[in-house]
Structure formats: C-alpha cells, structure tokens
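Note sheet for the following structure.
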Amino acid sequence: MASAPPQQTGSARDALSVPDFRLLFIASLISNSGRWMQFAALGVLGWELTESNAFLGYIIFAQLGPLGFLSLIGGSLADTANRRTLLMSTQIWQMAFTFVLAGFLIDDGISESLLLLLVFVIGLGQGLYAPAFTSVLPLVAGEANLKAAVSLNSVQTNGSRIIGPAIGGVLTATFGFAEVFALNALLYLVVIVAISRLDLPPATAVSRSLSDRMLGGLRVAHRAPQVGRPLGLMALFAFFCLPFIGQLPAIAEVNLGVDSRSSEYGRFYAVFGAGALLGALMVGTVLLRAPRMLVIRGTLIGFGLSLFWLSTIRSIGIAYVAIFLVALFYFTLPTALAVAWQEHVDSSIRGRVAAIWVLSFGGVVPFANLLGGPFAEATSLGALLTIGAAAAFVLAAFFRVPEGPVVDETILHSPTR
C-alpha cells in the first residue's frame, strides 16, 4: 500500500496535450452524442407506445441494468485481459444490435417486449465496456492528469447530452426513430477507430484467483474508506435521488404540457445536458482545489432545492432554469466522487474498483427507475421528485468522504481491519 496519494495537478490543457487522450476525448464526444440522442429518443418512443410511467422505468432498466449485472466481470477483464480487444469488441456488439433495432423501427411496428429485449441486448455491451473505459482513462492521460482527465470525460459525456438530444429531437420529428438509431449505430465506428489506434499498456494485475478477480473491487471498497465511501454515497444518491431521470418525457408532457416528440422537448433535454456539462467542467476548473466535503455537501443541497423546485413548476420557460440547475448539481457530484476514489487507487486494481463505481452509478439507477416508475404511477410525479429532494438533504447532513493513502493490490491480501 502506498503512503500518500500522488499530486494530480495537471490541468485540462495538460491532459488534452496528450495525443492519445485527445483522440479518445474527441471520438467519445462524437459517439456519446449518438448514444444520448438514442437515449432521449427511446424515452419518447416508450411514452408514445404506452403513456406509462412504469414502462419508462422498464426502458431505463433495460438500458442500464446490464451495468449492474456485468460490471464486476467487466472490471475483472479490464485488469487482466487485452484492453483494446475488450473495448473494441463491446463497441462492435453495441453497433450491430443498434442497427438491428433501427431495422425493426423502419415501419414503427415494434412491440413493447421486443423493444425492451433489444435495448437490453445493446446494454450488455455497455455493461462490459464502461468499467474498462473508466480504468483506461488515467493510463491514456497520465496519472498526473487524473483529475483533469476525469473532469474532461464528464465534460464530453455531458457535452454530448446537449448535442445528442438536440439533434435527435430534430431528426425524430423530421424523419423518425429508425433514422436516429441508425445514425447512432454509425457513430460507434468513430470510437472503434480511435481505440484501434491507442497505445494501451498491458494489464498489470498479478492476482489471478477467481475471488480476487471478481470480488477484488468490493474488498478494496470495504477495507479502504477513502475508496469505499465515495462509491457508497454514489449508490445511495443514485437509488434515492435519480429515479426522475427516466421520467423526463412524462415531466414534459404531464407537468409542462410539452410534446415529448417535439423539438421543444429536445431543447428541454439539451438544457439538462448544458447544466450537466457545466457541473462536470467546474470540478476540473473553479472547484479544482476546493475542499472536497464542501463541494459534496453543497452540490447535494443545491440538487435537493432545485429538484423540489422542478416538481412545482408548470411552465416550460421556468422549467428550463430548474432543469439546468438540477443537472448542474447532479453532475458535479459524481464527477467529484469519481475523482475522490480514482486518486486513491493504483492502476493494478483500478479496473475492479471501476466496476464497483459503474455498479454504484449506472447499475443502481435502473433498479431505482424500475421502482420509481410504478411509484409515480401510483402516486404522482411530484411525490417522486420530492422524495429525491429530501434524500439529497439527508445525505448532505450525514455522509462524509474521508481522505487516505493510495491503495494497491496488496490490500486484497492484508488482514481485515
């Protein structure tokens, strides 16, 4: 176990000056724009098919559920397998089945069950890809640029939230769902080409036992609070505060009187993405040296206030401001927490810890939405959003993320403390 975390002082400019990271950053921005374009369009399609809050929850579960099922396997492979092969094969898988989905939507005749099945199959590829991609970022950018790389990755993810839904809203209204999904499938090629050109070092994990490969991340999180607490906070936040994500089409239609297939809904989603982009960018810039717990508590309180405000609004003009603030605070938190655990782990175990991170974020959100959709249907959207806001206040009051030394693979074999 190392004695102290390295000083990650590299700026965004330093990270982007690394050719491989710059290539991956641009390619991911383009490809993720397609993914968010499809993500937003799927919610609209699900609402058009059923007008059911519960079904919107099922779609989120189908999209993100595989992250929960496969993240441990993906993290293990990230530390032990050929990373380039893993990243490329999972992207090719998603591209192929996205084309299949687009084909079934040519005549708009897809059934609810087939839609859920195909979305789930596409998500299987992302379930393996996400922890591997998360663990590769510091290797590509350099450990000294870790904080900037994590922040920039959130920037491109959330920048694509602006580009994707805005383009998707226009394309869906002008052409249809099939065209949106086919374009997304083509955009996978951009990141596939970028990954093929990366110079990735081989996996460095020395532990080969099945237990360490599959459960190593959980053991690290349990034995090192400086790693486990950020993961735990993310899981609690995702479960109690984020069921609103799958309900955005319903919020637009029911609360705001906006057609979820219109360009106005595309703008609403794009404003959400703009807030997320600014929140992610702030972590690597103006909040770069701010006290960690101040950032975490402040964003939780800001999120709770803005989400509660959104639950009371019935005007799209005011809702633009509220959804911007919701996203701003929402994405400041996971970006700050991602930095918190990443700067406390060595590269030999980063893939397995990344798997727990993916599980705590992307793996919990689908289960939260699986429960949140039927709850909103039985009560109201306002009740669902109010509970999320209250949970954020509770977490701000009682949760703490400690500092600590960097940990490596030796922690897997040290006595439990």
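So the working numbering is basically just the index in the sequence shown, starting at one, shifted up by 1328. C-beta atoms are modelled at their ideal positions from N, C-alpha and C, and glycine is treated no differently. Quick caveat, the model's predicted, so the values are computed rather than measured.
In the structure shown, what three-state DSSP assignment does V1346 receive?
-> Locating residue 1346 in the sequence shown gives position 18, where the first residue counts as 1. The answer is coil: DSSP assigns V1346 none of H, G, I, E or B.
Can you check DSSP and say which residues form a bridge with V1483?
-> Reading the sequence shown from its first residue, position 155 is the one you call residue 1483. BP columns for V1483 are empty, so no partner.
Tell me V1735's beta-bridge partners as DSSP assigns them.
-> Sequence index remark: in the sequence shown, residue 1735 carries index 407 (1-based). The partner list for V1735 (beta bridge, DSSP) reads V1673.
Measure the C-alpha to C-alpha separation of V1611 and Q1670 and round it to an integer number of angstroms.
-> As a working mapping, residue 1611 is identified with position 283 in the sequence shown. As a working mapping, residue 1670 is identified with position 342 in the sequence shown. Distance between the alpha carbons of V1611 and Q1670 is about 14 Å.
Alpha carbon to alpha carbon, what distance is there between Y1386 and R1625?
-> Translated into positions along the sequence shown, residue 1625 becomes position 297. Translated into positions along the sequence shown, residue 1386 becomes position 58. R1625 and Y1386: Cα-Cα distance of roughly 31 Å.
Would you give the residue range spanned by the alpha helix (DSSP H) that E1440 belongs to?
-> Stepping through the sequence shown from its first residue, residue 1440 is reached at position 112. Counting along the chain, the alpha helix (DSSP H) containing E1440 begins and ends at E1440 to A1469.
Give the DSSP-derived three-state secondary structure of A1696 in the structure shown.
-> Sequence index remark: in the sequence shown, residue 1696 carries index 368 (1-based). A1696 falls in the helix class under three-state DSSP.
Extent of the continuous alpha helix (DSSP H) run through I1434 | Looking up residue 1434 in the sequence shown gives position 106. I1434 -> no alpha helix (DSSP H), and no H or E assigned at all.
Can you list, in chain order, the stretches of the alpha helix (DSSP H) that have 4 or more residues and sit fully within the region 1522 to 1592?
-> 1538 to 1551 and 1553 to 1569
M1633: first and last residue of the uninterrupted alpha helix (DSSP H) it sits in | Start at 1 with the first residue of the sequence shown, and residue 1633 comes out as number 305. According to the sequence provided, residue 1633 is Leu. The question's Met does not apply to it. It spans R1620 to T1640 - the alpha helix (DSSP H) in which L1633 sits, taken as one unbroken run.
Using 8 Å as the threshold, is the region 1621 to 1637 in touch with the region 1718 to 1737, meaning 3 or more CB pairs across them?
-> yes
Quick one: measure Cβ to Cβ for L1713 and F1572, integer angstroms, because I've assumed they're closer than 8 Å.
-> Along the sequence shown, read from residue 1 onward, the residue named residue 1713 stands at position 385. Along the sequence shown, read from residue 1 onward, the residue named residue 1572 stands at position 244. About 6 Å; that satisfies the 8 Å criterion.
Beta-carbon proximity list for D1342, same chain, < 7 Å, skipping 5 on both sides = Walking along the sequence shown from the start, residue 1342 turns up at place 14. Taken in chain order, the residues that qualify are N1473 and A1476.
Using a Cβ-Cβ cut-off of 7 Å (strictly less than) and excluding sequence neighbours within five positions of G1393, which residues of its own chain qualify?
-> Within the sequence shown, residue 1393 is the residue found at index 65, counting from 1. These residues qualify, in order along the chain: F1448, G1451 and P1694.
Length of the line joining the Cα atoms of L1546 and I1684 | Taking the first residue of the sequence shown as 1, we reach residue 1546 at position 218. Taking the first residue of the sequence shown as 1, we reach residue 1684 at position 356. Taking the straight line joining both Cα atoms gives about 7 Å.
Through-space distance from E1592 to A1563, alpha-carbon basis | On the sequence shown, position 235 is the one that residue 1563 refers to. On the sequence shown, position 264 is the one that residue 1592 refers to. So the alpha carbons of these two residues sit roughly 32 Å apart.
How would you write the range of the alpha helix (DSSP H) that P1730 sits in, first residue to last?
-> As a position in the sequence shown, residue 1730 is number 402, starting the count at 1. No alpha helix (DSSP H) holds P1730; DSSP gives it neither H nor E.
Under three-state DSSP, which class holds G1403?
-> Mapped onto the sequence shown, residue 1403 falls at position 75. In the structure shown, G1403 sits in a helix (DSSP, three-state: H, G or I).
Got a sec, what are the start and stop residues for the alpha helix (DSSP H) R1680 sits in?
-> Residue 1680 sits at position 352 when you count from the first residue of the sequence shown. Looking at the DSSP string, the run of the alpha helix (DSSP H) that includes R1680 is R1678 to V1686.
Determine the burial state of D1407: buried for a count of at least 16 other Cβ atoms within 10 Å of its Cβ, exposed for fewer.
-> In the sequence shown, the residue the question calls residue 1407 occupies position 79. Buried.
Counted within 10 angstroms of its Cβ, other Cβ atoms place L1415 as buried (16 or more) or exposed | For the purposes of this step, residue 1415 is identified with residue 87 of the sequence shown, where counting begins at 1. So L1415 ends up on the buried side.
Is I1715 near the ligand NAD, judged by its Cβ being under 7 Å from some heavy atom?
-> Absence of the ligand NAD from the depicted structure is noted, as is the absence of any ligand whatsoever, leaving it without description.
Would you tell me roughly how many angstroms separate the C-alpha atoms of V1735 and P1577, rounded to the nearest one?
-> Position 407 of the sequence shown, counting from 1, holds the residue named residue 1735. Position 249 of the sequence shown, counting from 1, holds the residue named residue 1577. Approximately 43 Å, taken between the alpha carbons.
Can you check whether the CB of L1606 is closer than 8 Å to the CB of L1395?
-> Along the sequence shown, read from residue 1 onward, the residue named residue 1395 stands at position 67. Along the sequence shown, read from residue 1 onward, the residue named residue 1606 stands at position 278. No; because the gap between Cβ atoms is not below 8 Å, this pair is not in contact.
Which of the three DSSP states, helix, strand or coil, is assigned to S1380?
-> For the purposes of this step, residue 1380 is taken as the residue at position 52 of the sequence shown. In the structure shown, S1380 sits in coil (DSSP, three-state: anything other than H, G, I, E or B).
In its own chain, which residues sit with a C-beta less than 6 Å from the C-beta of L1584, not counting the 5 before and 5 after it?
-> Against the sequence shown, residue 1584 aligns to sequence position 256. So the list reads I1644 and A1647, once near-sequence residues are dropped.
Spatial neighbours of R1309 in its chain, beta-carbon cut-off 7 Å, leaving aside the 5 residues before and after | Past the boundaries of the shown model lies residue 1309; the chain is included only from 1329 to 1745, so the question cannot be answered.
In the structure shown, what three-state DSSP assignment does N1473 receive?
-> By one-based count along the sequence shown, residue 1473 stands at place 145. N1473 falls in the helix class under three-state DSSP.
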